[in-house]
Every structure is written in structure tokens, then in C-alpha cells.
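Only one structure is covered here, and it is reproduced in the block below.
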Amino acid sequence: MKFLELNKKRHATKHFIDKPVDPKDVRTAIEIATLAPSAHNSQPWKFVVVRERNAELAKLAYGSNFEQVASAPVTIALFTDTDLAK
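Here the numbering used here is used: the first residue of the sequence shown is -13, the next is one more, and so on.
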């Protein structure tokens, strides 16, 4: 399947089943994310995997994402350093 076709078929997940996520799948998702291009190949990202449901973490979720974060079996938080002048 070509990349354009894959992008056209993608969708946002709004509801999650109460089933554990295989750690291999989490590692694969992060590995794929790290292949994204970055300015000067700086790769300024860090990933934090949260494997427990946490209302406090969900409160930090942006905007209307509270319910998705609160109900997800795994949350991957992405942090980035935007000060590329270092």
C-alpha cells in the first residue's frame, strides 16, 4: 500500500478497549515516530510511556483529549526541546 493511500485511510481513535498493549507495539510506534524528519537532524524529542490510567495526567492533556488519555491503556507523552540554538 502506498503512503498516500495509508494517509487517506488513517483515523483518530476516540475510544479504547480495556486490553493491555503489547510493549513491542509501543516500542515500534516510538521507533517509527523517531524516523520523522527534524531540523538539522536534531531529533529534539523524548518519549515517556505511561502504563497506568492517571486522572492527574489526563488533566494535563490538551483541550478535549482528557477522556482519551483517561481511558487509554497506554499514553505516550512527547516532549521536545524547541531551543535549537544550544
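Glycine included, every Cβ here is placed at the ideal spot set by N, Cα and C.
Handout entry: Length-filtered (4 minimum) alpha helix (DSSP H) runs lying within the region 33 to 57
Key = 41 to 46, 52 to 57
Practice task
Please determine if the region -1 to 13 and the region 40 to 50 are in contact, where contact requires at least 3 C-beta pairs separated by less than 8 Å.
Solution key: no
Practice task
Going by DSSP, name the residue or residues bridged to I16.
Solution key: Looking at the DSSP assignment, I16 forms no beta bridge with any residue, so it has no partner.
Exercise for the section: Mind reading off the beta-carbon distance from V36 to L43? Whole number of angstroms is fine, and I expect it under 8 Å. Expected result: 6 Å
Handout entry: Whole-angstrom C-beta distance between F2 and I16, which should lie under 8 Å
Key = In this structure I16 is not in contact with F2, their Cβ atoms being roughly 18 Å apart against a cut-off of 8 Å.
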